[in-house]
Amino acid sequence: MLTNAPRGTKDVLPNQIDNWIFIENKIRNICKRYGYEEIRTPIFEHTELFQRGIGEGTDVVDKEMYTFQDRGGRSITLRPENTASVVRAYLQNKLFADKSLVKLFYTGSMFRYDRPQAGRLRQFHQFGVEALGEENPAVDAEVIILAVDFLKSLGLNDLKLKINTVGCPKCRPVYRQKLQHFFSDKLDELCQDCQTRFNKNPLRILDCKTDSNKEFMADAPKIKDCLCDDCREHFLKVQELLNAADVDFVVDERLVRGLDYYTKTAFEIQYQPLGAQSAVAGGGRYDGLIEEIGGSPTPAVGFAAGIERILVALDLQGLTHSTDNKLDAFIVAVGSEAEIFAFNLMIKLRREGFNVAMNFAKRSMKAQMKQAGKSNAQYALIIGDDEVKNDVVTLKNLSNSEQETVNVEKLLNTLNKQS
RNA sequence: GCGGUUGUGGUGAAGCGGUUAACACUCCGGAUUGUGGCUCCGGCAUGCAUGGGUUCGAUCCCCAUCAAUCGCCCCA
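Take 0 as the starting number for the first sequence in numbering that gives the first Met the number 0 and just add one per residue.
Rendered as structure tokens:
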């Protein structure tokens, strides 16, 4: 057990790091272009922040949070998502004072006590964006387009953008009620899960895998028939802007977000080959959250994307990245005097800016040469008694096997010419 | 939280209730004196996720635990 990482956690090993850096670079790059600034919030917060922000009754809050008492008796929770924290930071630091629209992005670890499976971890990483302070649907569109452009810039194909509107506190309750009314006499025809959804979140019944193809579903009330004027116009405007920007999307009336704070626009980007965990990014507008957390009413939009899922998707598409850090030279040293000479030379060369390595295991010359060959170095620098005596090194070009004996000055010249 | 499948060395893996746990790759060593990439030779699991149990005997059977994976749920 000692040698096993806790369930649902993963080491990112050196051979994977280049993929992460590739993604992180794309994130910084696109956020800069779109005018989003990076923010880093604590990895844990007061439990109450998430309870209030995400909402009691949601799965995330009810059964997926890593919550514990710290030594001072406070209830602390490892963040299951970052929107609530960003909003908290926005309020605490009065970022709203600087400008009316504050645009932020983040990346980092999130924690959810879920049953792990492919693309679902207990510690996972999200990249997300939050635009706080503007109700204009153009911001919804901007955020969605940013997400799409980001994923495309990674080289992903076959992405599917789904959008919907979930209404606002004015019209959603109306819809909710209509749904409940509609299903009230069909309860016994619904599956177990849907019977609990009936009270908890009737919108989800529409999305149920087992029930959604039942005949009467077609007659279920549609949200678009219940929207208030404001929400309807908002949604149309978002679609208009997406069309204008040449972003393909489908309106999916069954798309419902699991977190309480969403209003109006909801969207999700799927990468189908991922299977059950196909959502690589999801988000929407949350005009009520900031007030819920104690600020003055402030509209906002955002999304989050799952880095690990993106990595799986990249892998499925064969888009792996590696930047091999090629060695300029590998030093082969035989004998204890030569070893010291070689070590000093290695340090000197590194200080000159070269990428140099040597073997510390006192292995045979043959073995060291083998290692030099495998290291992909340009040159092997061979140092034995003779070289030490004459203060020179034998420089062997590993690709054409030519070698010559040179002094350190000449060595620097040759290496410089190469790089 | 529920259900299915799986778990053999650094890796990919074969294997059977009974004793040297195939094979390939990687890795390590060697093929005369200070030289790699090819070739050849040799070495590398007292151990078959962990802990119990059944049995004369278990890596192969049973149970539990842990983990991975797939689906449900949820979501990124």
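Glycine included, C-beta positions come from ideal geometry on N, C-alpha and C.
For the options V85, L12, K169, the alpha carbon positioned closest to that of I222 is the one of K169. Taking a contact as a CB-CB distance under 8 angstroms, the pair R284 and D148 does not count as one, their CB atoms being some 19 angstroms apart.
Taking the C-beta atoms as reference points, D17 is found nearer than 7 angstroms to S321.
Per the Cβ contact rule, the segment 92-103 is not in contact with the segment 67-78 (fewer than 3 Cβ pairs under 8 angstroms).
Residue burial annotation: F215 is exposed, with fewer than 16 other C-beta atoms found within 10 angstroms of its C-beta. Secondary structure in the segment 183-268: no beta strand (DSSP E) run of 3 residues or longer lies completely within the stretch.
DSSP places N415 in the uninterrupted alpha helix (DSSP H) bounded by 407-417.
Straight through space, the alpha carbons of P298 and Y33 are spaced by roughly 19 angstroms. Secondary structure at H124: strand, using DSSP grouped into helix, strand and coil. Nearest neighbour of I22 by Cα position, chosen from R308, D259, R87, G352, turns out to be R308. For L158, the enclosing beta strand (DSSP E) begins and ends at 158-164.
For the set D58, L12, V85, K9, the Cα lying nearest the Cα of E36 is the one of V85.
Just measuring C-alpha positions, the residue of A219, P136, A137 sitting nearest K177 is A219. Between L394 and E403, the C-beta spacing is below 7 angstroms. When the beta-carbon positions are compared, V249 and K161 come within less than 7 angstroms of each other.
A contact between stretches requires three or more CB pairs, one per stretch, nearer than 8 angstroms, and the segment 345-357 fails this requirement with the segment 50-57. Residue pairing for M109: DSSP places it in a beta bridge opposite F123.
Counting along the chain, the unbroken beta strand (DSSP E) around A332 starts and ends at 328-332. Assignment of M357 by DSSP, reduced to helix, strand and coil, places it in the strand class. DSSP lists E267, A303 as the beta-bridge partner residues of G281. The residue among K388, D390, V405 with its C-alpha nearest the C-alpha of N396 is V405. With contact defined as three or more Cβ pairs closer than 8 angstroms, the segment 230-238 and the segment 120-140 are in contact. Sequence-distant partners of Q377 (beyond 5 residues in either direction) whose C-beta falls short of 6 angstroms from its own C-beta, in its chain, are D327, Q417.
In summary, I268 is buried, with 16 or more beta-carbon neighbours lying within 10 Å of its beta-carbon over all protein chains present. T76 is a Cβ neighbour of T46, given a cutoff of 7 angstroms.
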